[in-house]
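Residue numbers (the numbering used here), protein chains in the order written: chain A, 33 to 169; chain B, 33 to 169.
Each remark here refers to the structure printed beneath this line.
There are 2 protein chains.
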Amino acid sequence: MKLVTRDTDYALRALCYMAGCQDRVVPASELVRELGIPRPFLRKILQVLHKRKVLKSYRGQGGGFLFMMPPDKIFLFGLIEIFQGRLRLNDCFFKKMACPNTGSCILKKKIDGLERYILKELSSITVASLTRKSGNG
Amino acid sequence: MKLVTRDTDYALRALCYMAGCQDRVVPASELVRELGIPRPFLRKILQVLHKRKVLKSYRGQGGGFLFMMPPDKIFLFGLIEIFQGRLRLNDCFFKKMACPNTGSCILKKKIDGLERYILKELSSITVASLTRKSGNG
DNA sequence: ACAAATGATACAATTATAGTATCATTATTC
DNA sequence: GAATAATGATACTATAATTGTATCATTTGT
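Okay, structure coming up:
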């Protein structure tokens, strides 16, 4: 089970890197060089972030990307939604079951609880919160 | 993101059904009929449960499956491990990163915390706990 | 004009999930 | 002892998601 797929991961890394570039327009080529992400894949990701209005883009020489949304408003939860769709732990689980006698009710409650908890935790993580200089590992 | 894949789901349903058959040997055919699970898929699942010593099996006419482990010792967490491998939220996430400056440390802590929480929750769910007559949905 | 960038989009490879099919073996029943 | 109904072992297939690649058009600065 992956909480976060590669594209979300790459998007997060790219955004975190960009957060350290105070308002400088950053071209994909730089991100590729610095982060070692395959270029066409990253470009696709950046285009998505642009369409979703997370980033502004500038074309032509000297162009690149810039935040459209402030980094403290970019939530990991939001990136997951963009690249992986809505987080649903319950997906295939309670479709057919229709609570035949018992069990699923208890289970559903538990899993819904888990989902809420995960969402809450993920909603506390932003690009900004990850780039504050406080890591020590 | 799926917490539980189809095979884990089917396994759980089958086990819950069997828990209501007090020590009767239950053949796959009955589970197929009652639960609407594709026969060959279910058979594969039951064979795995047998190999993992969750179920005993009896061959030949009148044969089928019986619990080898008591239902209150069969954890959803264990079924997930059997069919989906070990639960790791962090999987691809912190392999290459190597904590370049900051960020990953905070994130790793958060995600590890999430993982622990999920594990704890899942460890409270057993086949027995799901078949106690107390559902109301 | 050229170079360096993004926009749009289609294609491809790999992996995971979900499911099928077949044949051998065992045990019960008639 | 043959028919039947079950599991054991195992190989195969289909579908979908993930993880990319490739190409060409367009924009912009020099």
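Glycine included, every Cβ here is placed at the ideal spot set by N, Cα and C.
Small disclaimer: the values here were computed from a predicted structure and weren't measured.
- Against chain B, a Cβ distance below 7 Å from A/I150 picks out L146.
- Taking 8 Å as the cut-off, the beta carbon of B/V80 is found closer than this to the beta carbon of B/I114.
- Runs of the alpha helix (DSSP H) lying entirely within the region 64-119 of chain A and spanning at least 4 residues, in chain order: 71-83 and 108-116.
- For A/F73, the number of other beta carbons within 10 angstroms of its own is below 16, and it is reported as exposed.
- Secondary structure of A/T37 (DSSP, three-state): coil.
- At least one beta carbon of chain A lies nearer than 8 Å to the beta carbon of B/E153.
- Residue environment analysis places B/G96 among the buried positions, since at least 16 neighbouring C-beta atoms fall within 10 angstroms of its C-beta.
- If you draw a 10 Å sphere on the C-beta of A/L151, you find fewer than 16 other C-beta atoms in it, and that means exposed.
- With respect to the C-alpha of B/K142, the residue from A/K142, A/L162 and A/R148 having the closest C-alpha is A/L162.
- For B/S161, the enclosing alpha helix (DSSP H) begins and ends at V159 to T163.
- Residue environment analysis places B/D41 among the buried positions, since at least 16 neighbouring C-beta atoms fall within 10 angstroms of its C-beta.
- Around the beta carbon of A/Y90, fewer than 16 other beta carbons lie within 10 angstroms, which makes this residue exposed.
- By the rule that beta-carbons nearer than 8 Å mark a contact, A/L35 touches chain B.
- Across the set B/M33, B/C48 and B/D39, the C-alpha of B/C48 shows the shortest separation from the C-alpha of A/L139.
- Neighbourhood of B/S61 in chain A, by CB distance below 8 Å: empty, with the nearest CB roughly 19 Å away.
- Excluding the 5 residues flanking it on each side, A/M100 has same chain C-beta neighbours closer than 7 Å at K85, V86, L87 and K88, in chain order.
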